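Student: As you go down the protein sequences, you meet chains A and B in turn. Read left to right, the first sequence gives residues 1 to 187 (our numbering). Read left to right, the second sequence gives residues 1001 to 1466 (our numbering). Backbone N, C-alpha and C define an ideal beta-carbon position, used for all residues, glycine too. Note that the structure is a prediction, hence the values are computed from the model and not measured. Shown below is the structure under consideration.
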Amino acid sequence: MKKYIILASLVLLGVIIAFPLFSMTYYTMVRTSTPDFCATCHEIKPAVRAWRSSTHVNNAQGFVADCMDCHLPAPHKTFDFFFAKTYHGAKDVVKHFLIKEYDRKKNREAAYESFDNAQCQKCHRNLLAMPGKRGAMLAHRSVIYARPGYEKKCVDCHYDLVHSETMFIMYKQYQRLPYQAKGLRKL
Amino acid sequence: MRKKLVFILVGLMAVGLMLSGAVLSVNAQQNFPKVKEFRIERSIPPEAVACIECHKASNPGIFDDWARSRHASASITCLDCHLAQPGDTDVAKAHEKYYSQKDLPYGEQKYKVPIAAIVTPKDCSRCHPDEAIQYSKSKHANTLEIIWKLDPWLNKGMNSDNERKTGCFNCHGTVIKHDKNGIVDHATWPNVGVGRLNVDGSKGSCTSCHTRHRFSVAEARMPEACDQCHLGPDHPQIEIYNESKHGTMYHAYKDEYNFNAAPGTWTPGTDYRAPTCAACHMSGSGKVMGTHDVTERISWETQAPLTVRPQDFKPFPAGTDWKVEREKMKNVCRACHGDSWINDFYNGFDKVVEDYNEIYFKPAKAKFDELYEKGLLDKTKFFDERLEVEFYELWHHEGRRARMGTMMMAPDYTWWHGFYECKMHFANFMEEANHLIETGEKAYVAKDFPNATGDTQKPPKIFGNK
Chain A
1 MKKYIILASL
11 VLLGVIIAFP
21 LFSMTYYTMV
31 RTSTPDFCAT
41 CHEIKPAVRA
51 WRSSTHVNNA
61 QGFVADCMDC
71 HLPAPHKTFD
81 FFFAKTYHGA
91 KDVVKHFLIK
101 EYDRKKNREA
111 AYESFDNAQC
121 QKCHRNLLAM
131 PGKRGAMLAH
141 RSVIYARPGY
151 EKKCVDCHYD
161 LVHSETMFIM
171 YKQYQRLPYQ
181 AKGLRKL
Chain B
1001 MRKKLVFILV
1011 GLMAVGLMLS
1021 GAVLSVNAQQ
1031 NFPKVKEFRI
1041 ERSIPPEAVA
1051 CIECHKASNP
1061 GIFDDWARSR
1071 HASASITCLD
1081 CHLAQPGDTD
1091 VAKAHEKYYS
1101 QKDLPYGEQK
1111 YKVPIAAIVT
1121 PKDCSRCHPD
1131 EAIQYSKSKH
1141 ANTLEIIWKL
1151 DPWLNKGMNS
1161 DNERKTGCFN
1171 CHGTVIKHDK
1181 NGIVDHATWP
1191 NVGVGRLNVD
1201 GSKGSCTSCH
1211 TRHRFSVAEA
1221 RMPEACDQCH
1231 LGPDHPQIEI
1241 YNESKHGTMY
1251 HAYKDEYNFN
1261 AAPGTWTPGT
1271 DYRAPTCAAC
1281 HMSGSGKVMG
1291 THDVTERISW
1301 ETQAPLTVRP
1311 QDFKPFPAGT
1321 DWKVEREKMK
1331 NVCRACHGDS
1341 WINDFYNGFD
1351 KVVEDYNEIY
1361 FKPAKAKFDE
1371 LYEKGLLDKT
1381 KFFDERLEVE
1391 FYELWHHEGR
1401 RARMGTMMMA
1411 PDYTWWHGFY
1421 ECKMHFANFM
1431 EEANHLIETG
1441 EKAYVAKDFP
1451 NATGDTQKPP
1461 KIFGNK
């Protein structure tokens, strides 16, 4: 009997310590995962501003892809997600003080390099059946069933899509012309 | 009297009726030809319908080609390739006026779209990325850089800009320029050269081989697709091919060839009997995968002055290993030939290359350099002294014919158009060179060399502003 009491109180103690710890971590993660939080750094502000007027925010579905939806591993890859987020957060703070000027062009390239197709394909999953866009079907097949040596990234063709300076809000549903990928960026 | 009047009136009416009846029956009998129509019942954007309807009238040839293409079958319309991207500098401003021309079908503002006339490999890469990547690595795509590094006609300004536009650059490609209004520089257009430098930075033109607006795979598989450029005294590949047994068999059996096999499925023995240019240099065969890098499977640079391996070709070193590439080419041969045939053929070819390099080219080059060193030849220009022309033709004309004739099995090009001419030129060249060296006499410089007015600045878009 006594044994159970000790055991139960140990569990209770664990919960008392762990619950606030977990919930605070969770709360921190949620607070630091919003575009508003990303925009607190002046280096990132223009990127967030451009994103706000892009089709990743303005579409008929009302769907919004946040910064971390594209720029971090999926949250269900818990370890990767936590590690990448903490690492980038810490690195950004250090770099903020060390680097004189933020090189937008260089960082854009670095972002393209870091993108994994899986990040895009979290949302864009049905890419092979597009009867109205057979060219896109053909191109997507060459990515999803890539010939060895010809592995490609989504961002190789779909670039300057979100963080491009525009005068207007790019409502996807009001775009008159069909969206086209731009072709291979490095060609 | 009254009776008579009625009679006349009735008679006139009868004649009138008969006449009108005759006119009617003439009309009814006339054969009105029916206008050939093309209906579009597809899910394509109304802007694309406007393109098609208007250009069907203004350029029926373009329209008809497209209508017969596989693009049309797949509902790939004008817009998929010609729609300009935001920020493009080549938007055709002059085209926009048609959208307010009321007498045109679809001449309405609501159909207005930004259009670029020139379609580039980058545009094609939207749907055909692998082909575009492969092509970008080829000597085809980079030929402008190569000729500007090597060629004395360009670097010494020995021909005129228009001779270049209508001659050299027609195959090699121009550096496309636009003015502020999106109007293309007339000195750079029209052009579908394989190495055309486009405003978006991509190199080449897919329509060199897949001509507009059919973009046919079948056409590019035929040797006729290559023969606009690969002919003549300096690289008679099509003549060589036609002389070879491969060419003979192609001409005899081409009506049996299945040129329309789906991309990546064209199979020797099944779809064709003897290979065409594309069959050996591009198409997949056996374990070898197909490629749009036409220069990939090459193991000797038979067009270079001194024959070298592709990875050692200084103006544009290939990212390949010649041993791997030769094995690929042998694999292609194996579809129809046994190993001893293939290996013994390559032994003969390698020997020809060695002979050309060691017996013909190197001694001539050494003598040529000696003439410059001793100041007997003048370095300021090229082609204005006879020995320069003779040396040039030794490697650029008959030297190539001998090597290429061997590689593609045309004995007449190896010997009579090749080594025979090399021997004669070599002997004459040496005779005159030795004469100058012995007497110390300077070579005659042609003072009246015509039309040597071309720009000698290497294109800054390729070489930077040096």
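Within 8 Å of any Cβ in chain A, is that where the Cβ of Glu-1047 (chain B) sits?
Tutor: Counted from its first residue, the second sequence places residue 1047 (chain B) at position 47. Taking Cβ atoms only, chain A reaches closer than 8 Å to Glu-1047 (chain B), which makes this a yes.
Student: Of the residues B:Leu-1376, B:Thr-1406, B:Lys-1323, which one's Cα is nearest the Cα of Glu-1354 (chain B)?
Tutor: By one-based count along the second sequence, residue 1354 (chain B) stands at place 354. Of B:Leu-1376, B:Thr-1406, B:Lys-1323, the residue nearest in Cα terms is B:Thr-1406.
Student: Can you say whether Ser-1299 (chain B) is buried or exposed, counting buried as having 16 or more other CB atoms within 10 angstroms of its CB?
Tutor: Within the second sequence, numbered from 1, the residue matching residue 1299 (chain B) stands at position 299. Burial call: buried.
Student: Of all the residues that make up the region 1283 to 1313 of chain B, which are near chain A by a beta-carbon distance shorter than 8 Å?
Tutor: Answer in chain order: Met-1289.
Student: Measuring only from the beta carbon, is Gln-121 (chain A) closer than 7 Å to any heavy atom that is part of the ligand ZN?
Tutor: Of the ligands one can find in the structure shown there are none, so the ligand ZN has no counterpart to examine.
Student: Report the neighbours of Pro-75 (chain A) on chain B: residues whose CB is nearer than 8 Å to its CB, in chain order.
Tutor: Taking the first sequence and counting its residues from 1, one reaches residue 75 (chain A) at position 75. Ordered by position in chain B, no residue passes the 8 Å Cβ test against Pro-75 (chain A), which lies about 31 Å from the chain.
Student: Please check the pair Thr-1188 (chain B) and Lys-1203 (chain B), which I expect to be a contact at CB under 8 Å, by giving their CB distance rounded to whole angstroms.
Tutor: For the purposes of this step, residue 1188 (chain B) is identified with residue 188 of the second sequence, where counting begins at 1. For the purposes of this step, residue 1203 (chain B) is identified with residue 203 of the second sequence, where counting begins at 1. The pair is not a contact, with the Cβ atoms about 14 Å apart (cut-off 8 Å).
Student: Based on the DSSP output, what are the partners of Val-1288 (chain B) in its beta bridges?
Tutor: What you label residue 1288 (chain B) is simply residue 288 of the second sequence in a count that begins at 1. DSSP, once it has assigned bridges, lists B:Ser-1285 as partnering Val-1288 (chain B).
Student: Along the chain, where does the alpha helix (DSSP H) that runs through Ile-169 (chain A) open and close?
Tutor: Within the first sequence, the letter at position 169 stands for residue 169 (chain A). Note, Ile-169 (chain A): premise wrong, no alpha helix (DSSP H); not H, not E.
Student: Identify each residue in the region 126 to 142 of chain A for which the Cβ-Cβ distance to at least one residue of chain B is less than 9 Å, and report them in chain order.
Tutor: Result list: Pro-131, Gly-132, Lys-133, Arg-134, Gly-135, Ala-136, Met-137, Leu-138, Ala-139, Ser-142.
Student: Is Lys-100 (chain A) close to chain B, meaning its C-beta is less than 8 Å from at least one C-beta of that chain?
Tutor: For the purposes of this step, residue 100 (chain A) is taken as residue 100 along the first sequence, with counting starting at 1. No, no contact with chain B.
Student: For Cys-1078 (chain B) and Ala-1048 (chain B), which I take to be in contact (beta-carbon distance under 8 Å), what is that distance rounded to the nearest angstrom?
Tutor: Working through the second sequence from its first residue, we reach residue 1078 (chain B) at position 78. Working through the second sequence from its first residue, we reach residue 1048 (chain B) at position 48. Yes, they are in contact, since the Cβ atoms of Cys-1078 (chain B) and Ala-1048 (chain B) sit about 6 Å apart, within 8 Å.
Student: By Cβ distance below 7 Å, which residues in the same chain neighbour Tyr-1469 (chain B) in space, the five residues on each side in sequence not counted?
Tutor: No answer is possible for residue 1469 (chain B): it lies beyond the span of chain B, which begins at 1001 and ends at 1466.
Student: Would you please state the rounded distance, in angstroms, between the beta carbons of Cys-1336 (chain B) and Pro-1268 (chain B)? I believe it to be under 8 Å.
Tutor: Stepping through the second sequence from its first residue, residue 1336 (chain B) is reached at position 336. Stepping through the second sequence from its first residue, residue 1268 (chain B) is reached at position 268. Cys-1336 (chain B) to Pro-1268 (chain B), Cβ: 6 Å. Contact.
Student: Measuring alpha carbon to alpha carbon, tell me which residue in B:Asp-1255, B:Glu-1131, B:Cys-1127 is nearest Gly-135 (chain A).
Tutor: Position 135 of the first sequence, counted from the start, is the residue given in the question as residue 135 (chain A). When only C-alpha atoms are compared, the closest one is B:Cys-1127.
Student: Taking all protein chains shown into account, do 16 or more other C-beta atoms lie within 10 angstroms of the C-beta of Leu-1009 (chain B), making it buried, or fewer, making it exposed?
Tutor: Numbered from 1 along the second sequence, position 9 holds the residue referred to as residue 1009 (chain B). With fewer than 16 Cβ atoms within 10 Å of its Cβ, Leu-1009 (chain B) is classed as exposed.
Student: Just the C-alpha distance for Lys-1351 (chain B) and Gly-1319 (chain B), rounded to the nearest angstrom, thanks.
Tutor: Your numbering for residue 1351 (chain B) matches position 351 in the second sequence. Your numbering for residue 1319 (chain B) matches position 319 in the second sequence. Those two C-alpha atoms are separated by around 25 Å.
Student: Take the Cβ of Asp-1200 (chain B) as the centre, count every other Cβ of all protein chains shown within 10 Å, and call the residue buried at 16 or more, exposed below.
Tutor: Along the second sequence, one-based indexing puts residue 1200 (chain B) at 200. Classification of Asp-1200 (chain B): buried, given that the 10 Å Cβ count is 16 or more.
Student: Can you list the residues of chain A that Pro-1263 (chain B) reaches, using a CB-CB cut of under 8 Å?
Tutor: Taking the second sequence and counting its residues from 1, the one referred to as residue 1263 (chain B) is at position 263. Result: empty, since nearest Cβ-Cβ is about 10 Å, beyond 8 Å.
Student: To the nearest angstrom, how far is it from the Cα of Lys-182 (chain A) to the Cα of Cys-157 (chain A)?
Tutor: Translated into positions along the first sequence, residue 182 (chain A) becomes position 182. Translated into positions along the first sequence, residue 157 (chain A) becomes position 157. Straight-line Cα distance between these residues: approximately 6 Å.
Student: Assign Gln-1101 (chain B) to buried or exposed, taking buried as 16 or more other Cβ atoms, counted over all protein chains shown, within 10 Å of its Cβ.
Tutor: The residue you call residue 1101 (chain B) lines up with position 101 of the second sequence. Exposed: under 16 other Cβ atoms inside 10 Å.
Student: Run the CB neighbour count on Thr-1276 (chain B), radius 10 Å, all protein chains shown included, and call it buried at 16 or more, exposed below.
Tutor: Locating residue 1276 (chain B) in the second sequence gives position 276, counting from the first residue. Result: buried.
Student: Contact between the region 1252 to 1260 of chain B and the region 1104 to 1112 of chain B is defined here as three or more beta-carbon pairs at a separation below 8 Å; is this criterion met?
Tutor: As far as the Cβ criterion goes, the region 1252 to 1260 of chain B does not touch the region 1104 to 1112 of chain B, which means the pair count is below three.
Student: Could you give the first and the last residue of the continuous alpha helix (DSSP H) run that contains Ile-17 (chain A)?
Tutor: Numbered from its first residue, the first sequence carries residue 17 (chain A) at position 17. 2 to 31 is the span of the alpha helix (DSSP H), which, as asked, contains Ile-17 (chain A).
Student: Throw me the rounded Cβ distance for the Asp-1088 (chain B) and Ile-1118 (chain B) pair, which I believe falls under 8 Å.
Tutor: In the second sequence, residue 1088 (chain B) corresponds to position 88, counting from 1. In the second sequence, residue 1118 (chain B) corresponds to position 118, counting from 1. Their Cβ separation, rounded to whole angstroms, is 10 Å, which puts Asp-1088 (chain B) and Ile-1118 (chain B) out of contact at 8 Å.
Student: Return no unless some Cβ of chain A is closer than 8 Å to the Cβ of Ser-1160 (chain B).
Tutor: Numbered from 1 along the second sequence, position 160 holds the residue referred to as residue 1160 (chain B). No, Ser-1160 (chain B) lies away from the interface with chain A (no Cβ there is under 8 Å from its Cβ).
Student: Beta carbons nearer than 7 Å to chain B: which residues of the region 140 to 161 of chain A have them?
Tutor: Answer in chain order: Ser-142, Arg-147, Tyr-150, Lys-152, Cys-157.
Student: State the DSSP-derived secondary structure class of Tyr-1272 (chain B), mapped to helix, strand or coil.
Tutor: For the purposes of this step, residue 1272 (chain B) is identified with residue 272 of the second sequence, where counting begins at 1. Here Tyr-1272 (chain B) sits in strand by DSSP.
Student: Between which two residues does the alpha helix (DSSP H) carrying Tyr-174 (chain A) extend?
Tutor: Start at 1 with the first residue of the first sequence, and residue 174 (chain A) comes out as number 174. It is not in any alpha helix (DSSP H) - Tyr-174 (chain A) carries neither H nor E in the DSSP assignment.
Student: Under the rule that 16 or more other beta-carbon atoms within 10 Å means buried, what is His-76 (chain A), buried or exposed?
Tutor: The count along the first sequence starts at 1 and reaches residue 76 (chain A) at position 76. Per the 10 Å Cβ criterion, exposed.
Student: Can you pull the DSSP bridge partners for His-1178 (chain B)?
Tutor: Residue 1178 (chain B) sits at position 178 when you count from the first residue of the second sequence. For His-1178 (chain B), which the question treats as bridged, DSSP gives the partners B:Val-1184.
Student: Between Pro-1305 (chain B) and Phe-1361 (chain B), which are expected to be in contact by the criterion C-beta below 8 Å, what is the C-beta distance as a whole number of angstroms?
Tutor: Along the second sequence, read from residue 1 onward, the residue named residue 1305 (chain B) stands at position 305. Along the second sequence, read from residue 1 onward, the residue named residue 1361 (chain B) stands at position 361. Contact holds; Cβ gap of about 7 Å.
Student: Please check the pair Lys-1328 (chain B) and Val-1288 (chain B), which I expect to be a contact at CB under 8 Å, by giving their CB distance rounded to whole angstroms.
Tutor: Start at 1 with the first residue of the second sequence, and residue 1328 (chain B) comes out as number 328. Start at 1 with the first residue of the second sequence, and residue 1288 (chain B) comes out as number 288. About 5 Å; that satisfies the 8 Å criterion.
Student: Please classify Ile-1115 (chain B): does DSSP put it in a helix, a strand, or coil?
Tutor: Start at 1 with the first residue of the second sequence, and residue 1115 (chain B) comes out as number 115. Ile-1115 (chain B): strand per DSSP, three-state reduction.
Student: Among B:Lys-1254, B:Phe-1349, B:Met-1430, B:His-1210, which residue has its Cα nearest to the Cα of Val-1194 (chain B)?
Tutor: The residue you call residue 1194 (chain B) lines up with position 194 of the second sequence. When each option's Cα is compared against that of Val-1194 (chain B), the closest is B:His-1210.
Student: So, is the C-beta of Cys-1206 (chain B) closer than 8 Å to a C-beta in chain A?
Tutor: Position 206 of the second sequence, counted from the first residue, corresponds to residue 1206 (chain B). So no, Cys-1206 (chain B) is outside the interface.
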